[in-house]
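Right, one structure below, let's go through it.
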Ligand code: S3P
């Protein structure tokens, strides 16, 4: 079985960008859980949070994890909160190697401040919110098989580290 490479980690750690690069390098299919959710619902994540609330979002996120984790050989970029549900973690790890991308609160704050599509960070106190969420989620992110600090790395360097951690060679 060709394992999935599953990227988890906080918002702004580069999961989607790096997943695209990995998919190119390995000639594998790339899927982004947030895209699947938005396509399935026909509206943005910000709208889902606003109209239906976070609990509903987590429910459809779990459905998306169930669907995606049936596949093998894919590069899967997950939303930052996927690891909050332990069943999501075990499903994704079942056929995949789970890599957690991390960064400091300062770096995350810089990388995310000019975007408004992340409802949890749409607050005047985004940096404080980032620090709080990082602390609250620390144990959940620690469930990944490997952790890579992206704070001072380029996306290429992160991709290379993931290839090494996952034991994959470029095609
Ligand atoms: C979330 C992260 C987002 C998205 C949603 C909730 C989170 O994905 O799923 O806004 O709880 O950390 P990204 O990590 O891809 O921004």
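Numbering (our numbering), first residue to last: 99 to 269.
Glycine included, every Cβ here is placed at the ideal spot set by N, Cα and C.
Small disclaimer: the values here were computed from a predicted structure and weren't measured.
When the Cα of residue 278 is compared with those of 181, 227, 262, which residue comes out closest? Past the boundaries of the shown model lies residue 278; the chain is included only from 99 to 269, so the question cannot be answered.
Spatial neighbours of residue 117 within its chain, please: C-beta separation below 6 Å, excluding the five flanking residues on both sides. Its chain contains 105, 128, 173, 175 as the residues whose beta carbon lies nearer than 6 Å to that of residue 117, once the 5 sequence neighbours on both sides are disregarded; these appear in chain order.
Just to confirm the assignment, what range does the alpha helix (DSSP H) spanning residue 147 have? Where residue 147 is concerned, the enclosing alpha helix (DSSP H) stretches over 143 to 150.
Residue 105 bridges to which residues according to DSSP? 175, 197
Taking only three categories from DSSP, how would you classify residue 252? coil
In terms of DSSP beta bridges, what is residue 128 paired with? Residue 128 is bridged to 173.
Looking at the unbroken alpha helix (DSSP H) that takes in residue 226, where does it start and where does it end? 224 to 239
Starting from the Cα of residue 256, find the closest Cα among 100, 113, 109 and give me that residue. 113
To which residues of the same chain is residue 201 closer than 6 Å at the C-beta, ignoring the five residues directly before and after it? The answer, listed in chain order, is 111, 248, 249.
Does any heavy atom of ligand 1 sit closer than 7 Å to the C-beta of residue 145? no
Same chain, Cβ closer than 6 Å to residue 115, five either side skipped, listed in chain order: 253
How many Å lie between residue 101 and residue 126 at the Cα? 11 Å
With a threshold of 8 Å, are at least 3 pairs of Cβ atoms found where one atom belongs to the segment 213 to 221 and the other to the segment 140 to 153? yes
Can you name the residues that DSSP bridges to residue 215? Paired residues: none, contrary to the question.
Tell me whether residue 189 is buried or exposed, calling it buried when 16 or more other Cβ atoms sit within 10 Å of its Cβ. Looking at its Cβ environment, which holds 16 or more other Cβ atoms inside 10 Å, residue 189 is buried.
With the cut-off set at 8 Å, would you say residue 246 and residue 197 are in Cβ contact? yes
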